[in-house]
Amino acid sequence: MSLIRLLFYFMSFIAIASALYAASTQNLVRSIFVFFVTLFALAGLYVLCLADFVAVTQVVIYVGGILVLILFAFMLSGKETLDVMQQQKGKFFSLGKLPAILLAALFFIVMINVVLKADADNLPWVKDSIANNNTITPNTATIDNIGVNLMTRYLLPFEAISVLLLMALVGAAHLSRKEPEA
Amino acid sequence: MNYYITYFIVAIGLFSFSAFFALAGVYAERKISAFIQDRLGPTETGKFGSLQTLADIMKMIQKELIIPAAADKWLFMLAPAIIFIAVYMGFAALPWGPGLIPSKINLGIYYIFAIISIETLGILMAGWGSNNKYSVLGAMRSAAQIISYEIPAGFAIISVVMIAQTLDLQVVSMQQGILAVEKIKFAGFWDVTKIGGLFSWNIFRAPHLIIAFVIYFIASLAESNRAPFDIPEAESELVAGFHTEFTGIRFALVFLAEYSMMFLVSMIGVILFLGAWNTPLPNIGPVHLATWTTNMWWGIFWVAIKTLGLVAIQMWIRWTLPRFRVDQLMNLCWKVLTPLAFLCMLISGVWRLWLM
Numbered sequence: 002m003s004l005i006r007l008l009f010y011f012m013s014f015i016a017i018a019s020a021l022y023a024a025s026t027q028n029l030v031r032s033i034f035v036f037f038v039t040l041f042a043l044a045g046l047y048v049l050c051l052a053d054f055v056a057v058t059q060v061v062i063y064v065g066g067i068l069v070l071i072l073f074a075f076m077l078s079g080k081e082t083l084d085v086m087q088q089q090k091g092k093f094f095s096l097g098k099l100p101a102i103l104l105a106a107l108f109f110i111v112m113i114n115v116v117l118k119a120d121a122d123n124l125p126w127v128k129d130s131i132a133n134n135n136t137i138t139p140n141t142a143t144i145d146n147i148g149v150n151l152m153t154r155y156l157l158p159f160e161a162i163s164v165l166l167l168m169a170l171v172g173a174a175h176l177s178r179k180e181p182e183a
Numbered sequence: 038m039n040y041y042i043t044y045f046i047v048a049i050g051l052f053s054f055s056a057f058f059a060l061a062g063v064y065a066e067r068k069i070s071a072f073i074q075d076r077l078g079p080t081e082t083g084k085f086g087s088l089q090t091l092a093d094i095m096k097m098i099q100k101e102l103i104i105p106a107a108a109d110k111w112l113f114m115l116a117p118a119i120i121f122i123a124v125y126m127g128f129a130a131l132p133w134g135p136g137l138i139p140s141k142i143n144l145g146i147y148y149i150f151a152i153i154s155i156e157t158l159g160i161l162m163a164g165w166g167s168n169n170k171y172s173v174l175g176a177m178r179s180a181a182q183i184i185s186y187e188i189p190a191g192f193a194i195i196s197v198v199m200i201a202q203t204l205d206l207q208v209v210s211m212q213q214g215i216l217a218v219e220k221i222k223f224a225g226f227w228d229v230t231k232i233g234g235l236f237s238w239n240i241f242r243a244p245h246l247i248i249a250f251v252i253y254f255i256a257s258l259a260e261s262n263r264a265p266f267d268i269p270e271a272e273s274e275l276v277a278g279f280h281t282e283f284t285g286i287r288f289a290l291v292f293l294a295e296y297s298m299m300f301l302v303s304m305i306g307v308i309l310f311l312g313a314w315n316t317p318l319p320n321i322g323p324v325h326l327a328t329w330t331t332n333m334w335w336g337i338f339w340v341a342i343k344t345l346g347l348v349a350i351q352m353w354i355r356w357t358l359p360r361f362r363v364d365q366l367m368n369l370c371w372k373v374l375t376p377l378a379f380l381c382m383l384i385s386g387v388w389r390l391w392l393m
């Protein structure tokens, strides 16, 4: 077994185990911190896929931004709210959670189907790319490619996202503003 | 297989370097603070008290590790390790000389920026895990401050990256001296590709980067929780902030992380703005000062000297300026530094288009 394969299984195991722990634990803060482990393991998997830019972006946005924000919201909310949330009755599997379990199971079946039917090793476009030498090696600088594509081929989605983010920013600024005295 | 052994040696070397730097840094900090406040500082242990920090570390290693009864044990124990590892991993992508870099990755600066932000998480972990209101308050302040100051720091870095057109720190370094493969102009008009030295540093290649450098430096003080931005550990209000409950070796790890962070942010500043491992001496006619003083060993020397200079300035600032209040700190960040950093980024774009 090569080192890369070993690393892949190792990181997948960490990602899945920590995700399961984050979903099942009663301690909310711990579940957030374990989620950090999940995200980090995912970043490692991205690196193995030679998507280093995605991996680093994942760490910047999710770990440095979103997780810290979640923790912030968590620490700013009152103790009573948290106590109610932490004392969820019942076990991991219960009748009340049936819809969620059903949904998760269906998604799982779909995913398994995709993996089994797609036959990822023999996809035509993958073969084409290999034949045309249009592949990424570990030494390729992917950011140039990403930047050029964002500014040419994917310019419209890129701009749409920036408008969306601007809207969110304006909305946040409006919500946090003090109301003038009526 | 030899490959992997080299990796381990490099990792251990970087760790021992940061540990040694923390030892020397604490001693220097004490001596500098003593000089500024007209005291003597440590004098007894060793010549001029030079063994004082070593004695302190010996004491800390022997101390009992106390875990508060109501603390979240796992978070409490892991927090110092995560704080330190986050900073330590940043060292992996810093170039020390021509061809001398622990890990040559083409995302260098972006990677460091990402990995440093994990420190926030460790600090929040320490604060929450201690189950002490001072710790939580300190951790919250620290997180708020680091997240806010990442924005001006990020834009200052982006304005350099726009000039350099790469995220690879080794290439950024290469551009700022006689080893550059492209044409380097001093302030946009004077070709200094063959002259090198001081004139081809980034802050002189595009003078608006001087502003960007000052912004970055201020923000880096905030990111390493140094005075005047040390409200997370404001001892008059919060005892010691997020590390109130830590004892012995865990406390030492938090300190190690702080000093490594100081070195790391200074070194990033040096690499991006102050010519990295390039010599400040230019080639003057037949006197090839720059050519003579550019190689691997000189590289290590220059980068270390410049970085230690910045660290000394950090210490000087710490013992000179009073601490900011929280609202002043946020005002400075959002109303002064962020717009200025935006402006720098804009000028960088224009500069790149018309003057390079």
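Which chain is which? The protein sequence lines are A and B, in order.
According to the numbering used here, the first sequence holds residues 2 to 183 in order.
According to the numbering used here, the second sequence holds residues 38 to 393 in order.
Positions of the beta carbon are idealized from the N, C-alpha and C atoms, including for glycine.
Note that this is a predicted model, so its numbers are computed, not measured.
| query | result |
| --- | --- |
| CA-to-CA distance, H280 of chain B to K96 of chain B, given in whole angstroms | 18 Å |
| Residue range of the alpha helix (DSSP H) that includes T357 of chain B | Element bounds for T357 of chain B: n/a, residue is neither H nor E. |
| Where S78 of chain A falls, given that 16 or more other Cβ within 10 Å makes a residue buried | exposed |
| Same chain, Cβ closer than 6 Å to A378 of chain B, five either side skipped, listed in chain order | P189, F192, A193, I252 |
| Distance, E274 of chain B Cα to A71 of chain B Cα | 23 Å |
| Three CB pairs or more closer than 8 Å across the region 281-298 of chain B and the region 83-100 of chain B | yes |
| Local conformation of I131 of chain A per DSSP, three classes | helix |
| Minimum Cβ-Cβ distance from A142 of chain A to chain B less than 8 Å | yes |
| Backbone CA spacing between K59 of chain B and A123 of chain B [nearest angstrom] | The sequence shown places Ala at residue 59 of chain B, rather than the Lys named in the question. A59 of chain B and A123 of chain B: Cα-Cα distance of roughly 16 Å. |
| Top-ranked residue by Cα proximity to W335 of chain B, from B:G134, B:I384, B:Y40 | B:G134 |
| Of the residues B:L326, B:N368, B:T344, the one placed nearest G306 of chain B, counting alpha carbons only | B:T344 |
| Pair within 8 Å by beta-carbon distance, F223 of chain B and F241 of chain B | yes |
| 6 Å Cβ shell around L290 of chain B - same chain, five flanking residues per side excluded | P117, F121 |
| Chain B contacts from the region 50-78 of chain A (Cβ-Cβ distance under 7 Å) | D53, F54, V57, V60, V61, V64, G65, L68, V69, L72, F73, M76 |
| Against chain A: residues of the region 178-198 of chain B by CB proximity under 8 Å | A180, A181, I184, E187 |
| Buried or exposed (CB count within 10 angstroms, at least 16 for buried), V111 of chain A | exposed |
| Touch test, the region 229-245 of chain B against the region 344-357 of chain B, Cβ-Cβ under 8 Å, three pairs minimum | no |
| Where the alpha helix (DSSP H) containing I110 of chain A begins and where it ends | 99-119 |
| Rounded separation between G127 of chain B and I142 of chain B - CA only | 12 Å |
| Top-ranked residue by Cα proximity to A23 of chain A, from A:I17, A:S32, A:A16, A:I15 | A:S32 |
| For A107 of chain B, the first and last residue of its enclosing alpha helix (DSSP H) | Here A107 of chain B belongs to no alpha helix (DSSP H), and DSSP marks it neither H nor E. |
| Three or more C-beta pairs below 8 Å linking the region 102-113 of chain B and the region 162-169 of chain B | yes |
| Neighbour-count burial assignment, Q59 of chain A, 16 or more Cβ in a 10 Å radius | buried |
| The region 125-153 of chain B: positions lying closer than 9 Å to chain A by Cβ | I142, N143, L144, Y147, Y148, F150, A151, I152, I153 |
| DSSP-derived helix/strand/coil call for W339 of chain B | helix |
| DSSP bridge partner residues for F222 of chain B (one or two, in chain order) | Correcting the residue identity first, residue 222 of chain B is Lys in this sequence and not Phe. B:D228, per the DSSP bridge assignment. |
| For I252 of chain B, the residue or residues it bridges with in DSSP | I252 of chain B pairs with nothing; no bridge assigned. |
| Any chain A beta carbon closer than 8 Å to I155 of chain B | yes |
| D352 of chain B burial status per 10 Å Cβ neighbour count (16 or more: buried) | A quick correction: the sequence has Met, not Asp, at residue 352 of chain B. Answer is buried; the Cβ neighbour count reaches 16. |
| Buried versus exposed call for G233 of chain B [16 or more other C-beta atoms within 10 Å across all chains shown] | buried |
| Cβ-based burial, I73 of chain B [other Cβ within 10 Å; buried from 16] | exposed |
| Cα-Cα separation, H325 of chain B to Q207 of chain B | 23 Å |
| Proximity winner among B:Y41, B:F57, B:I200, relative to L383 of chain B (alpha-carbon distances) | B:I200 |
| Burial state of P244 of chain B (16 or more Cβ within 10 Å) | exposed |
| Close beta carbons around L318 of chain B, own chain, < 7 Å, minus the five adjacent residues each side | G234, L326, A327, T330 |
| Cβ of M299 of chain B within 8 Å of any chain A Cβ | no |
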